[in-house]
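K.L.:
My structure is below; once you've seen it, I'll send some questions.
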Amino acid sequence: MVSFSDHELVLIFGLLGNIVSFMVFLAPLSNFYTIYKKKSSEGFQSIPYVVALLSALLLLYYDFIKTKATLIITINCIGCVIEVLYLTMYIIYAPRKQKAINRVHAVGWSCAIFNIAVFVAPLSIMLHSIFNYSLFMPFSLSLFLTLCAIMWFLYGFFDKDDFIMGAANTAMLSDANEVKN
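Under the numbering used here, the first residue of the sequence shown carries the number 89, and numbering increases by one thereafter.
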């Protein structure tokens, strides 16, 4: 029986992961060939490609702060390029009226995801404080995050911006729980 060291297994599964991830990034190629041939992106959604790009970018950041992550950096750089190409083609071939809507949705979802992350991130501090009976989570931070979320929710509500309102609503629920504790 063949025995592999941890380092060898990391390399093997890292290479296999890169190959499979590359195939995942290329999987929608037939959709974009159709878009190119029809010169229209009607019927296709941009959200999966925006999410894939954000995921690859976030993984790149993770990879840069982690040491010895060359395989992960490589595939996510490739993934970012592929997703940007997909999104560029999607927007180029979107109907005129749809282009502005698509851009708003793509950026809106991106902002909503990151806004939720900003407001929910202190939950880990709150959990640490609860389980260790420590006060790493300043009350003022919880209070102002909650007030900030309320203000942005109201802004989104009155501006009829579902992205801002949705992210702020999630943040309000999370932050109100932090203030309560």
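Each residue gets a CB set at the ideal place from its N, CA and C atoms; glycine is no exception.
Everything numeric in this text was worked out from a predicted model, so none of it was measured.
By the three-class DSSP mapping on this structure, what secondary structure does LYS154 have?
P.N.:
Three-state result, LYS154: coil.
K.L.:
Whose C-alpha, out of MET260, TYR150 and VAL112, is nearest the C-alpha of GLU171?
P.N.:
Cα-wise, what sits closest to GLU171 is VAL112.
K.L.:
For GLY131, count the other beta carbons within 10 Å of its own beta carbon; 16 or more makes it buried, fewer makes it exposed. Which is it?
P.N.:
Result: exposed.
K.L.:
Can you list, in chain order, the residues of its chain whose CB lies under 7 Å from that of ALA200, leaving out five sequence neighbours each side?
P.N.:
Closer than 7 Å at Cβ, skipping near neighbours: PHE251, GLY254 and ALA255.
K.L.:
Look at the alpha carbon of SER134 and the alpha carbon of PHE92, and state the distance between them as a whole number of angstroms.
P.N.:
C-alpha separation (whole angstroms): 42 Å.
K.L.:
For the candidate residues LEU97, MET260 and GLY167, whose alpha-carbon lies nearest to that of VAL139?
P.N.:
Looking at the Cα atoms, GLY167 is the closest of the given residues.
K.L.:
Cutting at 6 Å between CB atoms, please list the residues of its own chain near TYR181, excluding the five before and the five after it.
P.N.:
Only ILE123, LYS127, SER128 and SER129 meet the Cβ criterion.
K.L.:
Quick one, which of ASP247, LEU235, LEU99 and PHE120 has its alpha-carbon nearest LEU173's?
P.N.:
For the residues ASP247, LEU235, LEU99 and PHE120, the minimum Cα distance to LEU173 belongs to PHE120.
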